[in-house]
Structure formats: C-alpha cells, structure tokens
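Each residue of the sequence shown is one higher than the one before, starting from 18 at the first, in our numbering.
Every residue gets a Cβ at the ideal spot worked out from N, C-alpha and C, and that includes glycine.
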Amino acid sequence: MPNSYEILEHTADIGIRAWGRTLGEAFANMAMGMMSLIIPEHRLVLERDKRRVRASATDLEGLLVAWLEELVYLVDAERFLVARVEEISIVAPEGAGPGLQPGHAARLATGGDSPNTLDLGAGRPGSKWCAEGATESAGTWEVSALVWGESIDPARHPLEIEIKGVSYHMLKVERIAEPPGERAGEPAAAARGARGVACRPAREGRSDAWMAQAIFDV
18 MPNSYEILEH TADIGIRAWG RTLGEAFANM AMGMMSLIIP EHRLVLERDK
68 RRVRASATDL EGLLVAWLEE LVYLVDAERF LVARVEEISI VAPEGAGPGL
118 QPGHAARLAT GGDSPNTLDL GAGRPGSKWC AEGATESAGT WEVSALVWGE
168 SIDPARHPLE IEIKGVSYHM LKVERIAEPP GERAGEPAAA ARGARGVACR
218 PAREGRSDAW MAQAIFDV
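Next comes the structure, spelled out in structure tokens:
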C-alpha cells in the first residue's frame, strides 16, 4: 500500500500514524512503522523465526497500546525484531457497535479471496470509532497475530531508538475515507509487512479504511 505509515515528530518523543484498508491492516502497519523507528534499516531484519503475539483490552485504543507494547516486549525481553506481520485477527466484544458480529475476527489471511467475517461498524468516514460505542462496550477486544523476524544481531542490526512504552497522548484509532495515495475504487496492495490481505470492498456511502496513531516514550 502506498504510504502505509508516516513518522510523527512530537517534542522529545516520536510516533507513527498508519493506515489500512481494514482495522487489522492498520494495526499491522503500526507494528511495521514502530519497527522502522527501532531499526531504520528494517530490510536487514530477516524472517528466520516466528512468534505468536496476543493482546487484549477493554476498548479499541487500549488494544492498540497493548498490541504495540507486546511488540516492544519482544524487542526488550526476547531481543527479537519483527520483519513481517501475518494472520492478524481482531475480535470484538459483545455490544461493540452496530453491525458487529461479536466473537468473529477481521483477518489478514495468508491468501484466498474470502471476505472479512467482522463488519467493523457503519460509521462515517473520518468519525472516531468510539462514537460508534466501541470504547463504551462491556467485554474485551482481542488481537492475535503471527510475526516473523529474528534475534537481534549487533553486527547486522544497527538499532537507533529504544522505545520504553506507548503513550495515551494523541492516541487514535478511527475510520478514514480511504488510505492516502489510493484512488476511490482502486484495489490496495497488501499491507507492508503482511501478505495476502483478504478484505471486503467498502459499501457505498461508507468506508472500511482505518487510521491508527500512537506516540512512543523514548
């Protein structure tokens, strides 16, 4: 996807804004954007091993924080750099918003043409997801993904930024009309760091595209 993420300069800290044709794709692109801050020469990270990453939270923005902090833990505790994200699924709780099928997942699959099974609401393009009631709903949001990468090799991996945590300041997860760089109706390429994206086309008068944004404590 063109312009799948961008770097946000914020006083002493730094952040990432990412986009996707689905919510899962936006989360995957956030992960790749964060990794590009840790190691700007991200192409040097090889897909030698894999990890299953899971996180949960009571609201969608909290889920983004939990997801990114799990990846920070991989870097800090396991000395593992992520090269690619695949098979990412986001599961909505009961009462998460209009049009949702609780317990079903919106997936970035590893191939195939099946649509996402989770309809992530009917909000207007540009409206915040919390306006649909998601952040007020009871229950737990869950994200799960398979990530590929390798252990840090100081001889090959020039690390630039140490991320200490994810801030709630300027945190956003919201719908957008379409990801930057795409024309209406034009199919998007797979998310950077993901492959074989299976997604349903946007309905007339609504958007299935998402934007996610976070500032990191460094």
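Buried or exposed for T28, please, with buried defined as at least 16 other CB atoms from any protein chain shown within 10 angstroms of its CB.
Label assigned to T28: exposed.
Could you have a look at H174 and say whether DSSP puts it in helix, strand or coil?
The three-state reading of DSSP puts H174 in coil, since its state is none of H, G, I, E or B.
By Cβ distance below 7 Å, which residues in the same chain neighbour K67 in space, the five residues on each side in sequence not counted?
Result list for K67: L163, V164 and W165, in chain order.
Does DSSP put D66 in a helix, a strand or coil?
The DSSP-derived three-state label of D66 is strand.
Could you please give me the residues that DSSP links to W158 through a beta bridge?
Answer is A74.
Can you give me the Cβ contacts of R65 inside the same chain, cut-off strictly under 6 Å, excluding the 5 residues immediately before and after it?
Same-chain partners within the cutoff: E167.
Tell me which same chain residues have a C-beta within less than 8 Å of the C-beta of D234, skipping the five on either side of it?
Around D234: D30, I180, K181, G182, V183 and S184.
Straight-line gap, T50 to D170 (C-alpha atoms, nearest Å):
Thr is not the amino acid found at residue 50; the sequence shown has Gly there. Approximately 20 Å, taken between the alpha carbons.
Cα separation between S4 and W84?
This structure gives no information on residue 4, because the portion of the chain shown stretches from 18 to 235.
Look at the Cβ atom of A100, then the Cβ atom of L63, and state whether they are nearer than 8 Å.
Yes. Within cutoff.
In whole angstroms, what separates the C-alpha of I105 from that of E111?
Just so you know, the alpha carbons of I105 and E111 end up roughly 20 Å apart.
Residue range of the beta strand (DSSP E) that E42 falls in?
Looking at the DSSP string, E42 is not in any beta strand (DSSP E); the run it does join, the alpha helix (DSSP H), is L40 to I55.
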